[in-house]
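Asks: Encoded as structure tokens, here's the structure I'll be asking about.
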Amino acid sequence: RKKLCSPEFVFDLGVKCDSLEELSLLSEQLQQRSITIPLADELIRRSIRRIESMKEKPGPMMTEAKSCAESMMMKSTR
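In the numbering used here, each residue carries its 1-based index in the sequence shown increased by 7.
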């Protein structure tokens, strides 16, 4: 229980959720019948850039995870 409630675990979960969301969108796009090799390459590179950009600007789940972790820390300090 202690590990599941740790801020680090919550942060990791947020990063994984955001990354999986991006990969899910990429997968759906790559499954289209009209996909070409150049378009697939462009979509893959775009997804890589988006995931890398999450280092600077967190995705929605990571932002929520940070908020939850902060509120948990606030409750534990009282």
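Just so it is clear, CB atoms sit at the ideal spot from N, CA and C, and this is done for glycine as well.
1) Relative to the C-alpha of residue 52, which candidate in 71, 36, 67, 63 has its C-alpha closest?
2) Comparing alpha-carbon positions, which option in 8, 50, 14, 34 lies nearest residue 71?
3) Only counting the same chain, and skipping five residues up and downstream in sequence, which positions put a Cβ closer than 7 Å to that of residue 20?
4) Between residue 86 and the rest of its own chain, which residues show a CB-CB distance below 6 Å, the 5 nearest in sequence each way excluded?
5) Quick check: residue 60 and residue 33, are their CB atoms within less than 8 Å of each other?
Replies: In short:
1) 36
2) Nearest option by C-alpha distance: 14.
3) 72
4) Only positions 8 to 85 of the chain appear in the structure, and residue 86 is not among them; the question remains open.
5) no
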